[in-house]
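Some notes on the structure that comes next.
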Amino acid sequence: MYDVAIVGAGVTGCFVAKELSKYNLKVIVFERKAAMGLEQTKGCSGVIHAFQLPFNSLKGKLCLEGNAIMDEESEELGFSFKRVGLLLVATNRITKILLPVLKAYFSRYVEVKRIEKKEILEMEPNLRENVKGGLLFPSAGVVNPVEMTYAAYRFAKENGVEFKFNSKVEDISRKPNSFVLKTSDGEFEAKYVLNCAGVYADDVAKMVGYELKITPGKGSHIVFNEKGFSNHLIAAIPLKPDKRTKGGGALVSIDGKVIWGPNLVDVESKEDTSVTREEIEGLKRKFGRLFKKLPKDVIAYYAGVRSIAGNDFVINQPIRNFINVAGIQSPGLTAAPAIARRVVRMLAASGLELKKKENTIKYKFTRIRELSKDEIEKVVEQNPDYGEIICLCNLVSKAEILEVARDFPSFDAVKHITRAGMDCNKCHADIIVLMQRECNKTVKDCTGSELVW
Amino acid sequence: MVAVDYVVIGAGYAGLKCAETLMDKGFKILIFDMRESGGEISVFSKLSDFSSKYEKYIEEVEELKKDIPVDIGTVIKSKPVIVNSGNGLKRFEAKRVLLCTGATDVAPAKLNVLGKRVAGIYTLETALRLISENNRIGNEVLIAAKEDKIVELAESQFYRLGYEVELSELYGDISVIGKDRVEGVKIGEETYNCDTLVVYGGRSSFNPLKLRGTPVGNVVTCTYDYSKVEENVKNFLSKI
Ligand SMILES: Cc1cc2nc3c(=O)[nH]c(=O)nc-3n(C[C@H](O)[C@H](O)[C@H](O)COP(=O)(O)OP(=O)(O)OC[C@H]3O[C@@H](n4cnc5c(N)ncnc54)[C@H](O)[C@@H]3O)c2cc1C
């Protein structure tokens, strides 16, 4: 009998698992895909938002809290996090006039600075001269979402949480004091169930008779490999804010690539991560207006599907000991650490006994590109595979790739966790050949998506 | 610290050729490769159709491999030369650095490959590498490519290995259809039934760390046509 069963290993499920692994509990996580974070989390923009409107909503509060504790989390779990800052620019007279009002409003909740045109153009020389001034939110930052999720997964795993991948929860039946989860790996019994199933949280809620409606909302992005083209998260202050989306931005990734997006397109299928010509042109028009020229070197288009259940997150306990952590749309990545703490408090309030472990194990994934020369010498001496570089663009060693591949026979997991093959295709065959040798089988992200037959 | 006249980065056709000539002229050289000696030509030697077309270069590379001691290691800095390998980091001083790091295929996104990023989409380079290692990449392959001799060669190679192959030119958007794996591809008004998409729209130089040095060979010409690479190497060596 498990104390807690978590359905879904996206950023939400993994952060809850991480938080629970600090206590003496038996916890199990089920994920239908080949690895963690390969659904909504992989498709997101990677921004640690400075704020989310409205401030008094649940998502607004959890966003602020998540942002505030992100340095601590990145330190504890060992993932990269950079506060690059959000630059909201006024591009017309009306929004320029609004700047003092907006500043006064935002400064009640977050750190914000007014900056003048000259300063903006110094910070971002590629912006067009028509910017009239703006607001800088220094607390906004970026992460690699799958890397962040992996770090939480790894912490949880090192501290005793069990993970089942390629394992879909198909049904849940209620017993007087527990639940039985029917999965593709057999049946498991747990006292508490957490529904962290992303776009499929409605299906999981239905298993215990709770109606929840999730509407999929797709967001697409363009990735350019021109590092340094812009350095902040940049967006124009809209004349009329859209209620459903923050409107995306001219963003940067953790390694300085340029990402434009996301948009918001209603889609029928929760699996629809296709990117269309129309969307690409739309993004180019929208963000191209801000700059003197287009960034060079398009390297990818990608999309993610938001799990939208109305305007806010749905974190509730519709029946005893079953908690929905659902409708975790944007800014769910930012909020994840705060959501996790909140869920732990809810579990405690419903009678789960929480006894902190005396020691927890911290795990730091070794990345050659982050090491000093002396440190490289040391790790290579222990394991020569660190001396063999597979991805030159991002300096990823064979040892890093094998460490992930031994856990997951998934190309996408290896790529997103290590960043190997993110910038060009040169090393893709090397990665696949290596994985094939190590795992015998390589899938892209889930069973049925074989890369090599 | 070891000091040499030349450090050659990359031991493919161009790197090996340069190393040979420089050694013959009595220069002190070091040549590094992050994989194995032979580079792309070694890949072609494992594919029957390619090995007859590239016979001349394969033979030459085989000979050069015997004579030229290549160190396996990744050059991560060129001034001074810093190499990461199974033996840790090593530093070398070189009077001149030659970049023979070759070319890589242009990314699918740049060729307007749109739709869902499902399994079964490869650049030509990746596809060739995989089949050269005896991996099967699907059954029905669509090669969407710009006109180039390499494309016909790839077509006959896939065909010989038992794939069904179709060819299309690159024009407009290439929309991938499929849920987890390629199930079809739409180019213009035409829809192709296939489970694998291989795209080729040219190559660009491969030097992501922006190492400094003199570029020679495929890093300059960026092609599958090795007569061009050969010409470039000859030109360079004639000036030494
Ligand atoms: C386009 C886009 C851009 C975004 N940008 C940002 C951003 O910049 N900043 C930010 O803070 N937030 C952003 N978000 C929001 C953020 O991505 C999400 O809030 C977050 O990823 C939600 O994580 P999750 O774990 O709840 O969902 P998911 O990552 O979708 O995880 C749910 C998991 O549950 C699994 N699952 C489902 N059903 C079952 C079952 N029956 N059995 C087993 N497993 C199951 C799924 O396979 C999946 O892995 C963005 C979202 C999108 C779509």
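Protein sequence lines correspond, in order, to chains A and B. Per this note's numbering, the first sequence runs over residues 1 to 453. Per this note's numbering, the second sequence runs over residues 1001 to 1240. Just so it is clear, CB atoms sit at the ideal spot from N, CA and C, and this is done for glycine as well. No experiment lies behind these values; they were computed from the predicted model shown.
Cβ shell of residue i (< 6 Å), same chain only, five flanking positions each side left out
{"i": "L333/A", "result": "V11, C44 and P145"}
{"i": "R1129/B", "result": "V1043"}
{"i": "Y1224/B", "result": "I1150"}
{"i": "F1027/B", "result": "D1005 and Y1006"}
Limits of the unbroken beta strand (DSSP E) element including residue i
{"i": "I259/A", "result": "V258 to G261"}
{"i": "D1173/B", "result": "Taken as a continuous stretch (DSSP letters only), D1173/B belongs to no beta strand (DSSP E), as it is neither H nor E."}
{"i": "V180/A", "result": "S178 to T183"}
{"i": "K113/A", "result": "K113 to I115"}
{"i": "G332/A", "result": "Element bounds for G332/A: not the beta strand (DSSP E) but the alpha helix (DSSP H), G332 to A349."}
{"i": "P216/A", "result": "T215 to F224"}
{"i": "L127/A", "result": "First-last for L127/A: undefined, no H or E at that position."}
{"i": "T1191/B", "result": "E1190 to Y1192"}
{"i": "V161/A", "result": "From DSSP, V161/A is part of no beta strand (DSSP E); its letter is neither H nor E."}
Member of the options whose CA lies at the smallest distance from the CA of residue i
{"i": "I28/A", "options": "P337/A, F411/A, L181/A and M346/A", "result": "L181/A"}
{"i": "I237/A", "options": "V89/A, L77/A and N394/A", "result": "V89/A"}
{"i": "L451/A", "options": "G1138/B, E1055/B and D1033/B", "result": "G1138/B"}
{"i": "L1111/B", "options": "K1146/B, L1089/B, K1056/B and V1083/B", "result": "K1146/B"}
{"i": "A1127/B", "options": "A1144/B, V1075/B and I1082/B", "result": "A1144/B"}
{"i": "S1078/B", "options": "K1028/B, K1025/B, G1201/B and T1101/B", "result": "T1101/B"}
{"i": "S1156/B", "options": "N1134/B, G1120/B, K1053/B and A1107/B", "result": "K1053/B"}
{"i": "N1193/B", "options": "P1108/B, V1141/B and V1004/B", "result": "V1141/B"}
{"i": "T360/A", "options": "A420/A, V204/A, R320/A and V161/A", "result": "V161/A"}
{"i": "R1181/B", "options": "A1119/B, Y1226/B and R1160/B", "result": "A1119/B"}
{"i": "Q40/A", "options": "S372/A, A405/A, M422/A and S330/A", "result": "S330/A"}
{"i": "A413/A", "options": "V131/A, L347/A, K18/A and A35/A", "result": "A35/A"}
{"i": "E445/A", "options": "D430/A, V131/A, D423/A and K415/A", "result": "Reading the sequence as shown, one finds Asp at residue 445/A and not Glu. Residue K415/A is the option with its Cα nearest to D445/A."}
{"i": "K59/A", "options": "G8/A, T245/A and N321/A", "result": "T245/A"}
Cβ shell of residue i (< 8 Å), same chain only, five flanking positions each side left out
{"i": "D297/A", "result": "F224, N225 and E226"}
{"i": "T1191/B", "result": "I1177, G1184 and V1185"}
{"i": "G327/A", "result": "A201, L212, I214, S307, I308, A309, G310, D312, F313 and V314"}
{"i": "L392/A", "result": "K426 and C427"}
{"i": "K206/A", "result": "L212"}
{"i": "D203/A", "result": "A197"}
{"i": "Y1171/B", "result": "I1187 and G1188"}
{"i": "E1166/B", "result": "E1140, V1141, L1142, I1143, Y1192 and C1194"}
{"i": "P100/A", "result": "R114"}
{"i": "R342/A", "result": "L62 and I315"}
Three-state class that DSSP yields for residue i in the structure shown
{"i": "Q52/A", "result": "coil"}
{"i": "Y1054/B", "result": "coil"}
{"i": "D1144/B", "result": "Residue 1144/B is actually Ala in this sequence, not Asp. Three-state result, A1144/B: strand."}
{"i": "V1199/B", "result": "strand"}
{"i": "F322/A", "result": "strand"}
{"i": "Q1157/B", "result": "helix"}
{"i": "S167/A", "result": "coil"}
{"i": "G282/A", "result": "helix"}
{"i": "R174/A", "result": "strand"}
{"i": "D1071/B", "result": "strand"}
{"i": "N67/A", "result": "helix"}
{"i": "R1181/B", "result": "strand"}
{"i": "I28/A", "result": "strand"}
{"i": "T418/A", "result": "helix"}
{"i": "S1048/B", "result": "helix"}
{"i": "F137/A", "result": "strand"}
{"i": "V314/A", "result": "strand"}
Range of the contiguous alpha helix (DSSP H) that encloses residue i
{"i": "F1236/B", "result": "Y1226 to S1238"}
{"i": "I432/A", "result": "H428 to C439"}
{"i": "R93/A", "result": "R93 to F106"}
{"i": "G13/A", "result": "V11 to L20"}
{"i": "K296/A", "result": "Unbroken run through K296/A: none, as it is neither H nor E."}
{"i": "G186/A", "result": "Here G186/A belongs to no alpha helix (DSSP H); instead the beta strand (DSSP E) covers G186 to N195."}
{"i": "Y1013/B", "result": "Y1013 to D1024"}
Close Cβ partners of residue i (< 7 Å) along its chain, the five nearest in sequence each way excluded
{"i": "E465/A", "result": "No answer is possible for residue 465/A: the residues shown for chain A start at 1 and end at 453."}
{"i": "N24/A", "result": "K355 and K357"}
{"i": "K378/A", "result": "none"}
{"i": "F79/A", "result": "V143, E147, M148 and A151"}
{"i": "N1207/B", "result": "L1099, T1101 and V1219"}
{"i": "K1116/B", "result": "V1176 and G1178"}
Ligand 2 heavy atom lying under 7 Å from the CB of residue i
{"i": "R342/A", "result": "Absence of ligand 2 is noted for the structure shown, with ligand 1 being the only ligands found."}
### Task
List in chain order: all unbroken alpha helix (DSSP H) runs of 4+ residues lying wholly within the region 368-407 of chain A.
As far as the region 368-407 of chain A is concerned, its whole alpha helix (DSSP H) runs of at least 4 residues are 373-382 and 398-407.
Item checked: Residue ranges of each alpha helix (DSSP H) within the region 1071-1145 of chain B, 4 or longer -> Note on the region 1071-1145 of chain B: whole alpha helix (DSSP H) runs with a minimum of 4 residues are 1124-1132, in chain order.
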